[in-house]
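**Q** I'd like to ask some things about the structure below.
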Amino acid sequence: MEEYIMSLLDHKKALLLCAGIVVIGGGIFAVTAHSKSTKTAAAQHLNLYQTATISSLDVSKITDNISGNALSQVGEGLYRLDANSQAKNALATKTTVSDGGHQYTINLRHDGKWSNGEPVTAQDFVYSWERTLNPKSKSEFTYKFANIKNATAIAAGKKSPSTLGVKAVGKYQLKVTLSQPASYFKKMMADTTYYPLNEKAVNKYGSKYGSSAKTTVYNGPFTLTNWSGTSDNWTLKKNANYAEKKNVKLQSISYKVIKDSTTAYNLYQSKKLDQVTLSGEQTTQNKNNPDLKSLAAGRIGFIQYNEHNKVAANQDLRTAISLAINRQQLASKVLKNGSLPAKTFGVKDMMKNPKTGADFTADAYTKGTVDTDPAQAKTLYQRTLKQLGQKSVTLTITCGNDDASQNIAEFVQSAITSKLGAKVEVRAMPFPSMLSNVSKGNFQLNLTSWGMDFADPIQSLQILQSTSNSNMGHYNSKTYDAALKAAEGTDALNKTARYQDLVKAAQTALKDQAVTPLYEGRTSTLVNPKVKGVVYNKFNGSADYQNAYVAN
Numbered sequence: 001m002e003e004y005i006m007s008l009l010d011h012k013k014a015l016l017l018c019a020g021i022v023v024i025g026g027g028i029f030a031v032t033a034h035s036k037s038t039k040t041a042a043a044q045h046l047n048l049y050q051t052a053t054i055s056s057l058d059v060s061k062i063t064d065n066i067s068g069n070a071l072s073q074v075g076e077g078l079y080r081l082d083a084n085s086q087a088k089n090a091l092a093t094k095t096t097v098s099d100g101g102h103q104y105t106i107n108l109r110h111d112g113k114w115s116n117g118e119p120v121t122a123q124d125f126v127y128s129w130e131r132t133l134n135p136k137s138k139s140e141f142t143y144k145f146a147n148i149k150n151a152t153a154i155a156a157g158k159k160s161p162s163t164l165g166v167k168a169v170g171k172y173q174l175k176v177t178l179s180q181p182a183s184y185f186k187k188m189m190a191d192t193t194y195y196p197l198n199e200k201a202v203n204k205y206g207s208k209y210g211s212s213a214k215t216t217v218y219n220g221p222f223t224l225t226n227w228s229g230t231s232d233n234w235t236l237k238k239n240a241n242y243a244e245k246k247n248v249k250l251q252s253i254s255y256k257v258i259k260d261s262t263t264a265y266n267l268y269q270s271k272k273l274d275q276v277t278l279s280g281e282q283t284t285q286n287k288n289n290p291d292l293k294s295l296a297a298g299r300i301g302f303i304q305y306n307e308h309n310k311v312a313a314n315q316d317l318r319t320a321i322s323l324a325i326n327r328q329q330l331a332s333k334v335l336k337n338g339s340l341p342a343k344t345f346g347v348k349d350m351m352k353n354p355k356t357g358a359d360f361t362a363d364a365y366t367k368g369t370v371d372t373d374p375a376q377a378k379t380l381y382q383r384t385l386k387q388l389g390q391k392s393v394t395l396t397i398t399c400g401n402d403d404a405s406q407n408i409a410e411f412v413q414s415a416i417t418s419k420l421g422a423k424v425e426v427r428a429m430p431f432p433s434m435l436s437n438v439s440k441g442n443f444q445l446n447l448t449s450w451g452m453d454f455a456d457p458i459q460s461l462q463i464l465q466s467t468s469n470s471n472m473g474h475y476n477s478k479t480y481d482a483a484l485k486a487a488e489g490t491d492a493l494n495k496t497a498r499y500q501d502l503v504k505a506a507q508t509a510l511k512d513q514a515v516t517p518l519y520e521g522r523t524s525t526l527v528n529p530k531v532k533g534v535v536y537n538k539f540n541g542s543a544d545y546q547n548a549y550v551a552n
């Protein structure tokens with residue numbers, strides 16, 4: 001997901017970087033289950049809800065989480081992510097990596113079928129990827145293909161889609177050539193952006209493909225019905241053509257749009273829904289409820305600084321601000337949704353130390369950078385004033401005008417004024433205005449968040465590279481850039497060396513206070529214990545209903 005700033009290639013990232021903070025209190029995606037169950041598999045049914053309708057089921061046009069989540073249930077790619085965010089075979093049966101990590105040879109199962117009866121072939125992947133990268137598709141997710149040979153040039157209109165480093169070898173083998181090795185490439189290919197497309201169906205429906213249930217074909221555990229393209233209700237039904245249909249226990253899943261969180265919560269309370277996403281206050285009310293689950297969001301909340309601004313460019317000031325903030329209080333008193341105090345510019349379960357098994361966030365943590373230390377914060381602030389030759393400073397925090405963003409901004413404002421003595425103004429504005437101002441450099445401090453597409457530290461760390469279009473604060477460190485260059489270059493396939501490169505980059509960013517990490521986003525939900533078999537990804541909390549069922 002998440003997210004956001006500049007250039008058409010990074011447009012989706014741009015939207016998430018500034019917009020992501022809007023969903024702090026609401027969560028990434030709400031699901032519910034009807035508790036009625038019988039002893040027969042034929043009665044297996046879930047009633048789920050979303051906060052908005054599906055916008056598209058066209059791989060090349062999807063831009064939102066709700067549509068992506070729907071596609072993940074009705075579609076199937078080469079791989080699926082398990083609970084630990086590791087890629088497991090879906091349509092792929094065997095993957096051979098050669099040529100120093102540049103070549104992937106992927107064998108496909110022969111029994112994959114589309115809902116129109118056609119087989120799923122290697123050419124379906126070639127067609128899909130080339131179509132998404134074609135500038136005519138105007139896909140916002142072309143950046144996800146950047147590791148594949150010629151992908152970036154194709155997206156920029158500089159090369160033909162046919163030059164993409166992917167070829168079908170026969171009916172059921174795919175060869176993918178990378179421009180640079182990536183140890184996480186299989187995880188990337190599990191993303192819905194990498195799903196195949198049935199060319200016959202796309203040609204049949206033209207621009208209407210994916211705009212309704214009837215103009216879409218499916219190859220996943222479920223098919224979609226009763227969705228007109230604008231419907232507030234739709235139903236997933238077990239796909240009779242799905243290769244692994246014997247493992248799909250649910251017969252159907254009904255969705256409806258419920259925008260009001262209180263309404264959804266009341267329906268859960270009255271046992272008409274079996275899972276609901278909670279607000280901060282609702283989480284507090286249910287802290288002892290055995291139905292409560294805390295799901296990761298794959299999101300890091302932080303303050304970014306405009307280093308083109310003389311005051312914000314002062315490293316001692318940035319560190320003083322960080323040490324003035326009590327992250328535990330922010331998480332427990334303001335967010336109240338299970339979010340955790342940030343230890344580094346990343347979240348738990350991105351990566352484990354290949355030698356010790358320690359979490360990346362623990363190894364990257366650097367004492368004196370994200371701790372609460374009012375005395376040291378005051379000392380650094382006084383040093384800042386001497387460096388600037390000023391008796392005081394006035395800081396401006398730009399943020400979204402939603403309640404969650406403003407509450408966090410006010411908490412940070414209070415911490416800075418009370419611990420440092422600086423004056424702080426909060427400049428809240430609608431997302432489009434905030435995006436425009438941040439992208440143009442019209443900010444001093446910006447409260448925002450970043451959501452990651454897959455579990456790897458590079459997903460957050462890359463936005464602080466000096467060459468990144470998402471580096472809106474203009475942080476520039478040769479040490480930092482060199483560490484990431486090694487991680488993505490010479491050490492790309494050396495697990496231990498690459499891990500140390502990433503830790504070095506994260507620690508460098510903390511010492512420099514390139515950004516001030518605040519919290520690891522999480523979502524609190526209530527789940528009826530009768531709903532079993534749902535796989536919740538530990539990294540981003542996404543739910544997979546492929547093997548879900550309702551217990552007796």
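Per UniProt numbering, residue 1 is the first one in the sequence shown, and the count goes up by one each step.
Using N, Cα and C, we set each Cβ at its ideal position, and we do this for glycine too.
Keep in mind it's a predicted model, so treat the numbers as computed, not measured.
#1: My understanding is that Gly541 touches Ala297, with C-beta atoms under 8 angstroms, so please give their C-beta distance in whole angstroms.
#2: Within 10 angstroms of its Cβ, does Ser183 collect 16 or more other Cβ (buried), or is it exposed?
#3: Going straight from the alpha carbon of Val248 to that of Thr215, what length do you get?
#4: Would the region 455-463 and the region 420-438 be scored as touching if the rule is three or more Cβ pairs under 8 angstroms?
#5: Write down every uninterrupted run of the beta strand (DSSP E) in the region 494-530 whose length is 3 residues or greater and which is fully enclosed by it, in chain order.
#6: Whose C-alpha, out of Tyr104, Gln251, Val120, is nearest the C-alpha of His110?
#7: Closest to Ser139 by C-alpha separation, out of Ser279, Thr63, Pro529, would be which residue?
#8: At the level of alpha carbons, what is the spacing between Asp544 and Tyr536?
#9: Helix, strand or coil for Phe431? Go by DSSP, reduced to three states.
#10: Could you tell me whether the Cβ atoms of Ala153 and Phe145 are closer together than 9 angstroms?
#11: What is the residue span of the alpha helix (DSSP H) that Thr319 lies within?
#12: Between which two residues does the beta strand (DSSP E) containing Ser252 stretch?
#13: Which same chain residues, not among the five before or five after Phe539, have their C-beta less than 6 angstroms away from its C-beta?
#14: Is the region 510-524 touching the region 251-263, taking contact as three or more C-beta pairs under 8 angstroms?
#15: Report the CB separation of Thr394 from Lys419 in whole angstroms; it is logged as a contact under 8 angstroms.
#16: Should Gly75 go down as buried or exposed, given a rule of 16 or more other Cβ atoms within 10 Å for buried?
#17: What span of residues does the alpha helix (DSSP H) with Tyr480 cover, start to end?
#18: Alpha carbon to alpha carbon, how far is Leu250 from Ser445? Give it in angstroms, no decimals.
#19: Spatial neighbours of Thr131 within its chain, please: CB distance less than 7 angstroms, with the 5 preceding and 5 following residues excluded, ordered by chain position.
#20: Within the chosen definition, does the region 275-294 reach the region 519-528 through at least 3 CB pairs nearer than 8 angstroms?
#21: Please classify Ala151 as buried or exposed, where buried requires at least 16 neighbouring CB atoms within 10 angstroms.
#22: Candidates Thr177, Asn286, Thr366: which alpha carbon is nearest Asn337's?
#23: Between Asn65, Gln406, Ala415, Ala487, which lies nearest to Gln462 when the distance is taken from Cα to Cα?
#24: Quick check on the DSSP output: the beta strand (DSSP E) that includes Ala92 runs from which residue to which?
#25: Between Leu330 and Ile408, which are expected to be in contact by the criterion C-beta below 8 angstroms, what is the C-beta distance as a whole number of angstroms?
#26: On the criterion of 16 or more Cβ atoms from any shown chain inside 10 Å, does Ala509 qualify as buried, or is it exposed?
#27: To the nearest angstrom, how far is the alpha carbon of Lys440 from that of Asn471?
#28: What is the DSSP secondary structure of Asp544, counted as helix, strand or coil?
#29: Using the C-alpha atoms, what's the distance from Lys186 back to Ser207?
#30: Output yes or no for whether 9 angstroms exceeds the beta carbon distance between Tyr195 and Gly77.
#31: Give the list of continuous alpha helix (DSSP H) stretches no shorter than 4 residues that lie fully inside the region 401-458.
#32: Excluding five sequence neighbours on each side, which residues of the same chain lie with their C-beta closer than 6 angstroms to the C-beta of Lys175?
#33: In terms of DSSP beta bridges, what is Phe302 paired with?
#34: Exposed or buried, Gly165, counting other C-beta atoms within 10 Å across all chains shown (16 or more means buried)?
#35: So, for Gln44: in the same chain, excluding its five sequence neighbours on each side, which residues have a beta-carbon less than 7 angstroms away from its beta-carbon?
#36: For the alpha helix (DSSP H) that contains Lys136, what are its first and last residues?
**A** For this structure:
#1: On the sequence shown, position 541 is the one that residue 541 refers to. On the sequence shown, position 297 is the one that residue 297 refers to. Confirmed, Cβ separation roughly 6 angstroms.
#2: Residue mapping note: residue 183 aligns to position 183 of the sequence shown, counting from 1. It is buried - the Cβ of Ser183 has at least 16 other Cβ atoms within 10 Å.
#3: By 1-based counting over the sequence shown, the position of residue 248 is 248. By 1-based counting over the sequence shown, the position of residue 215 is 215. Using only the alpha carbons, I get a separation of about 24 angstroms.
#4: No, the region 455-463 is not in contact with the region 420-438.
#5: 515-527
#6: Here residue 110 refers to the residue found at position 110 when the sequence shown is read from its first residue. Looking at the Cα atoms, Val120 is the closest of the given residues.
#7: As a first step, residue 139 is located in the sequence shown; it is residue number 139 there, counting from the start. Measuring from the Cα of Ser139, the nearest candidate turns out to be Thr63.
#8: On the sequence shown, residue 544 is found 544 positions in, with the first residue counted as 1. On the sequence shown, residue 536 is found 536 positions in, with the first residue counted as 1. Taking the straight line from one Cα to the other gives about 7 angstroms.
#9: Working through the sequence shown from its first residue, we reach residue 431 at position 431. DSSP places Phe431 in helix when its eight states are reduced to three.
#10: Position 153 of the sequence shown, counting from 1, holds the residue named residue 153. Position 145 of the sequence shown, counting from 1, holds the residue named residue 145. Cβ atoms of Ala153 and Phe145: not closer than 9 angstroms.
#11: As a position in the sequence shown, residue 319 is number 319, starting the count at 1. Where Thr319 is concerned, the enclosing alpha helix (DSSP H) stretches over 315-324.
#12: Position 252 of the sequence shown holds residue 252. Residues 252-257.
#13: Here residue 539 is taken as the residue at index 539 of the sequence shown, counted from 1. Counting only Cβ-Cβ distances below 6 angstroms, and skipping sequence neighbours, we find Ser85, Ala296, Gly298, Asp349, Ala455.
#14: no
#15: Within the sequence shown, numbered from 1, the residue matching residue 394 stands at position 394. Within the sequence shown, numbered from 1, the residue matching residue 419 stands at position 419. Thr394 to Lys419, Cβ: 16 angstroms. No contact.
#16: Here residue 75 refers to the residue found at position 75 of the sequence shown. Flag for Gly75 reads buried.
#17: In the sequence shown, residue 480 corresponds to position 480, counting from 1. Note, Tyr480: alpha helix (DSSP H), 478-488.
#18: The residue labelled residue 445 in the question sits at position 445 within the sequence shown. The residue labelled residue 250 in the question sits at position 250 within the sequence shown. Ser is not the amino acid found at residue 445; the sequence shown has Leu there. The alpha-carbon atoms of Leu445 and Leu250 are separated by roughly 48 angstroms.
#19: Position 131 of the sequence shown, counted from the start, is the residue given in the question as residue 131. A small fix is needed here, since residue 131 is Arg in this sequence, not Thr. Here the set comprises Ser60, Ser137, Leu197.
#20: yes
#21: Translated into positions along the sequence shown, residue 151 becomes position 151. By the neighbour-count rule (16 or more Cβ atoms within 10 Å), Ala151 is buried.
#22: Position 337 of the sequence shown, counted from the first residue, corresponds to residue 337. It is Asn286 whose Cα lies nearest to the Cα of Asn337.
#23: What you label residue 462 is simply residue 462 of the sequence shown in a count that begins at 1. Here the closest residue by C-alpha is Ala487.
#24: The residue given as residue 92 occupies position 92 in the sequence shown. Segment 92-98, the beta strand (DSSP E) holding Ala92.
#25: Along the sequence shown, read from residue 1 onward, the residue named residue 330 stands at position 330. Along the sequence shown, read from residue 1 onward, the residue named residue 408 stands at position 408. Between Ile408 and Leu330 the Cβ distance is about 7 angstroms, and since that is below 8 angstroms, they are a contact.
#26: Taking the sequence shown and counting its residues from 1, one reaches residue 509 at position 509. That one is buried.
#27: As a first step, residue 440 must be located in the sequence shown, where it is residue number 440. As a first step, residue 471 must be located in the sequence shown, where it is residue number 471. If I take the Cα positions, the gap works out to 12 angstroms.
#28: Position 544 of the sequence shown, counting from 1, holds the residue named residue 544. DSSP places Asp544 in strand when its eight states are reduced to three.
#29: Along the sequence shown, read from residue 1 onward, the residue named residue 207 stands at position 207. Along the sequence shown, read from residue 1 onward, the residue named residue 186 stands at position 186. Their Cα atoms are separated by approximately 30 angstroms.
#30: In the sequence shown, the residue the question calls residue 195 occupies position 195. In the sequence shown, the residue the question calls residue 77 occupies position 77. Yes, Cβ-Cβ distance for Tyr195 and Gly77 is below 9 angstroms.
#31: For the region 401-458, whole alpha helix (DSSP H) runs of length 4 or above, ordered along the chain, are 403-419, 431-439.
#32: Numbered from 1 along the sequence shown, position 175 holds the residue referred to as residue 175. The answer, listed in chain order, is Thr105, Lys167, Val169.
#33: Walking along the sequence shown from the start, residue 302 turns up at place 302. Secondary-structure assignment with DSSP links Phe302 through a beta bridge to Thr448, Pro517.
#34: By one-based count along the sequence shown, residue 165 stands at place 165. The residue is buried, with at least 16 neighbouring Cβ atoms inside 10 Å.
#35: Mapped onto the sequence shown, residue 44 falls at position 44. So the list reads Lys249, Leu250, Gln251, Tyr549, Val550, once near-sequence residues are dropped.
#36: Stepping through the sequence shown from its first residue, residue 136 is reached at position 136. Note, Lys136: premise wrong, no alpha helix (DSSP H); not H, not E.
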